[in-house]
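Below is one structure; the comments refer to it alone.
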Amino acid sequence: MLVLGIETSCDETGVALYDSHAGLLGDALYSQVKMHAEYGGVVPELASRDHVRKLIPLVREVCAQADRSLSSLDAIAYTSGPGLIGALMVGASTGRALALALGIPAVGIHHMEGHLLAPMLEDNPPSFPFVALLVSGGHTQLVRVDAIGEYELLGESLDDAAGEAFDKAAKMMGMDYPGGPLIAKAAMQGDASKYNFPRPMTDRPGLDFSFSGLKTFTLNTVEAERLDDGSLPEQVKFNIAAAFEEAVVETLAIKCRRALQQTGLKQLVIAGGVSANQTLRARLDEVVRKERAGLFYARPQFCTDNGAMIAYAGCQRLLAGERSPLAITTRPRWPMDTLHPLGADSNG
Ligand code: KG4
Ligand code: ZN
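Taking this note's numbering, the leading residue of the sequence shown gets -2, the next gets one more, and so forth.
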C-alpha cells in the first residue's frame, strides 16, 4: 500500500510517501521557522497561509523524488489534530480533496501518535509493549504503549511542555525561536555547575511533570546576571543554558526510570522535537543501561514535525481498514488516550 502523508499542524509543512513493502520512498519538509522568528513564536494565521503556499509543491517534489505519480497512490493520511486549527485545516482539506479526486481512501491521524511511531521508521525499531516519553513543543507525556492506539497515560506536564520551557528560556536570553536547538548548542560551551537549578517534582512520587518553576528560576537567574547596560555576557548565557538543559534532562530521566520500574517494561521510546536533544539521549542511555532496557528514537529530522511519521501511522491504520468519512474534521485539542486501537472505528 502506497500512502501519501501530510503534516501541517504547526509551523512545518511535511509530506512523505510510505510504502508498506518498500518503506519510506520520499519525504520533504518546509520549515516556516524563519518567518515566525521575528515574532518570537508561531503566528497561527501566517502559518496557515504558508501551508497553503507550500503543500502542493511539496507533494509534487515527493512524487518526483520517489518517481511515482499521484495515480499510483493507494491512500492519503493527514494530521487531523491536535494543533492550530487553521494549519490543520489546510492539510486535512487538501488531503481529503486529493483523495476524493483520486477515488482513494483517506485517514486523519493524531499528531502525537505520528511522533510516537516515528522510531518505527528506523532500522532497529522497538516492539510492543513499551514506555514512551513524548516531548515536543506542546506535550510532555509518559505513555504506556501496548499496541498502536492502545495508550495509557502514565504522567504528563501539569503546566508547560518541555519544548515550550526550552523555547521560553531561550527567549529570556535573547535567542531566536525555536530555542531548543539553540539552548542545546549554547550548553555545549557552558558549565552547568555554575548554578543550582531545581529538578521539579522529582522528590514526589508519581510520573507528572512541571516546568513552570524552572522557567521562573531561569528568569530570576537571567535578571540577576544582567550587566548595568542590560546585556548578558556570552559565557553567562552558555552556563545558564547548560544548567537549564541539565535540569530538564535530569527531571525527564528520573521520571523515565520510574516509569520503567513501575511498568516493568524493558523498552523506552523517546519521540517529539526534544527527543533530538543529544544530552537527553546520552542521559537516557545511562538510565536504560541501569534498568537493562533498550532506548529507541528516530533520526533527528523525524523527531521534529515531518510527513514521514504521518505517512507511516496512516499506513498502519489504513491497512487495518480504517477510513475517515468525507466530512473534513480537525481536532485542535485531542487527548491521545482517547484514540481507538487499530481497525476500530476511525479516529477522526
Ligand atoms: O515535535 P515538534 O517539532 O513540534 C511539536 O509538535 O511541538 O517539537 C518542537 C519543539 C520545540 O519546542 C523545540 O525547541 C524543541 O522541540 N526542540 C529541541 C531540540 N530540537 C527541537 N529541544 C531541545 N533540544 C533540541 N535539540
Ligand atoms: Zn510535533
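Ideal Cβ positions, reconstructed from N, Cα and C, are used throughout, including at glycine.
Small disclaimer: the values here were computed from a predicted structure and weren't measured.
Cβ-heavy atom distance between C7 and the ligand ZN below 8 Å?
At least one heavy atom of the ligand ZN falls within 8 Å of the beta-carbon of C7.
Rounding to the nearest angstrom, what Cα-Cα distance links A158 and G270 in this structure?
A158 and G270 have their alpha carbons spaced roughly 11 Å apart.
CB C300 to CB Y15, shorter than 9 Å?
At a Cβ-Cβ threshold of 9 Å, C300 and Y15 do not count as neighbours.
Please classify H337: does DSSP put it in a helix, a strand, or coil?
Note: H337 maps to coil in three-state DSSP.
Pair every Cβ in the stretch 262 to 269 with every Cβ in the stretch 114 to 132, then say whether three or more of these pairs are closer than 8 Å.
Contact check between the stretch 262 to 269 and the stretch 114 to 132: three or more CB pairs, one atom from each, fall below 8 Å, which counts as touching.
Which whole-angstrom value is the C-beta distance of L55 and Y27, which I expect to be below 8 Å?
Taking a contact as a CB-CB distance under 8 Å, the pair L55 and Y27 counts as one, their CB atoms being some 6 Å apart.
At what residue ranges does the stretch 237 to 285 contain a whole run of the alpha helix (DSSP H), taking only runs of 4 or more?
Those alpha helix (DSSP H) runs which fall completely within the stretch 237 to 285 and span 4+ residues do not exist here.
Would you kindly check if the distance between the Cβ of G11 and the Cβ of D24 is under 9 Å?
When the beta-carbon positions are compared, D24 and G11 come within less than 9 Å of each other.
Do L81 and V49 have their CB atoms nearer than 9 Å?
Contact flag unset, no.
Leaving out five residues on either side along the sequence, give the residues of the same chain with a beta carbon under 6 Å from the beta carbon of I251.
T199.
Continuous alpha helix (DSSP H) stretch holding S90: start and end:
First-last of the alpha helix (DSSP H) with S90: 82 to 99.
Residue range of the alpha helix (DSSP H) that includes R46:
Note, R46: alpha helix (DSSP H), 41 to 63.
Are the CB atoms of T218 and G237 within a distance shorter than 9 Å?
Sequence inspection shows Ile at residue 237; the Gly mentioned does not correspond to that position. Going by C-beta atoms, I237 is nearer than 9 Å to T218.
I'd like to check one pair, I180 with E406: are the Cβ atoms closer than 9 Å?
Coverage of the chain is limited to positions -2 through 345, which leaves residue 406 absent and any answer about it impossible.
Got a sec, what are the start and stop residues for the alpha helix (DSSP H) G152 sits in?
From DSSP, G152 is part of no alpha helix (DSSP H) but of the beta strand (DSSP E) over 147 to 153.
Which term fits T335, buried or exposed, when burial requires 16 or more other beta carbons within 10 angstroms of its beta carbon?
Exposed, because fewer than 16 other Cβ atoms sit within 10 Å of the Cβ of T335.
Under the three-state DSSP convention, the category S309 falls into
Sequence check: residue 309 is Tyr here, not Ser. In the displayed model, Y309 falls within a helix according to three-state DSSP.
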